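K.L.:
Those letters in the sequence shown? Residues -18 to -1, 1 to 203, by mature numbering (1 follows the signal peptide of the UniProt record, and there is no 0). Quick reminder that beta carbons are idealized off the backbone N, C-alpha and C, glycines included. Source: prediction; values computed, not measured. Here you go, one structure.
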Amino acid sequence: MRLLFTLLLLLLSTTAFAEEEKVELPPLDPSYNAVHPMALVNRGSSIFAINLPSYRSPHDLQVVYEVKNSNVAFLSFVKNADMITIKPQKFNIQHLMRGDEITITADIYEGDYRQGGTLIYEAKQLELDKQLYARELNELSESSQWHEYDMIELNGTERIYVHKIQKAPSFNHLIFVDLVNACMQKVRTSKRVPPENELTYKFINCGTLKPLFYDSESLLK
């Protein structure tokens, strides 16, 4: 009986401590509830969603998320397309900054839907399952020929390198690397906004590469 009483007290104490440890998050800013253009990219059996940022709120964020997907046909579509963009219904992107698991509804296009892409899936639900990267575009460094990359660790030696967007003019760039050698995360290029092939060459000695995404037009000013 005494043992049962002791265990009950321990359980109550643990529960109370856990409740005290819960951190109350601030309310979401409703101004971030908007249509947030995104792109889908692929490596192996994984699909990743990245937002297409600009310097203006509510799009002044960089986010990379893993997409939960069990549809082989959809995976094949993402694998084989040169570029896929999605036009979601309005949602608050601050959920992704917090690392929430959310489901969005989106029209999915082959090509850039902002430039006449072809609608392939209408009102498809996408499960944004796991936050891999999140950054607010504030306190940006000056635009220069020196570029810094953040690194997302996937499995084993697999990495995604994400360009840290600078003040305009700048660019959005992600590249997958299966590391063989150490990889520099700060590189110098010929221009402040170099072509994608020059950036790919900067990673050529790191390991097996797969360019994932490149866009400069949205960040010229």
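1. For Arg170, does the count of other Cβ atoms within 10 angstroms reach 16, so buried, or fall short, so exposed?
2. Could you give the uninterrupted runs of the beta strand (DSSP E) lying entirely in the stretch 17 to 83, keeping only those of 3 residues or more?
3. Gln97 bridges to which residues according to DSSP?
4. In terms of DSSP beta bridges, what is Arg174 paired with?
5. Is the separation between the beta-carbon of Ser125 and that of Ala150 shorter than 8 Å?
6. If you follow the beta strand (DSSP E) that Tyr196 is part of, which residue opens it and which one closes it?
7. Mind checking whether Pro19 and Ile147 have CB atoms under 8 Å apart?
8. Per DSSP, what kind of secondary structure is Thr139 in: helix, strand or coil?
9. Classify Arg38 as buried or exposed, calling it buried when 16 or more other Cβ atoms lie within 10 Å of its own Cβ.
10. According to DSSP, is Leu202 part of a helix, a strand, or is it coil?
11. Is the separation between the beta-carbon of Ile29 and that of Leu57 shorter than 8 Å?
P.N.:
If we stick to the structure as given:
1. With fewer than 16 other Cβ atoms inside 10 Å of its own Cβ, Arg170 counts as exposed.
2. Counting whole runs of 3 or more residues, the stretch 17 to 83 contains the beta strand (DSSP E) stretches 20 to 25, 28 to 33, 43 to 50, 66 to 70.
3. Per DSSP, none; premise fails for Gln97.
4. Arg174 is not bridged to any residue.
5. At a Cβ-Cβ threshold of 8 Å, Ser125 and Ala150 count as neighbours.
6. Segment 189 to 197, the beta strand (DSSP E) holding Tyr196.
7. Going by C-beta atoms, Pro19 is not nearer than 8 Å to Ile147.
8. Secondary structure at Thr139: coil, using DSSP grouped into helix, strand and coil.
9. Exposed: under 16 other Cβ atoms inside 10 Å.
10. Coil, per DSSP.
11. Yes. Within cutoff.
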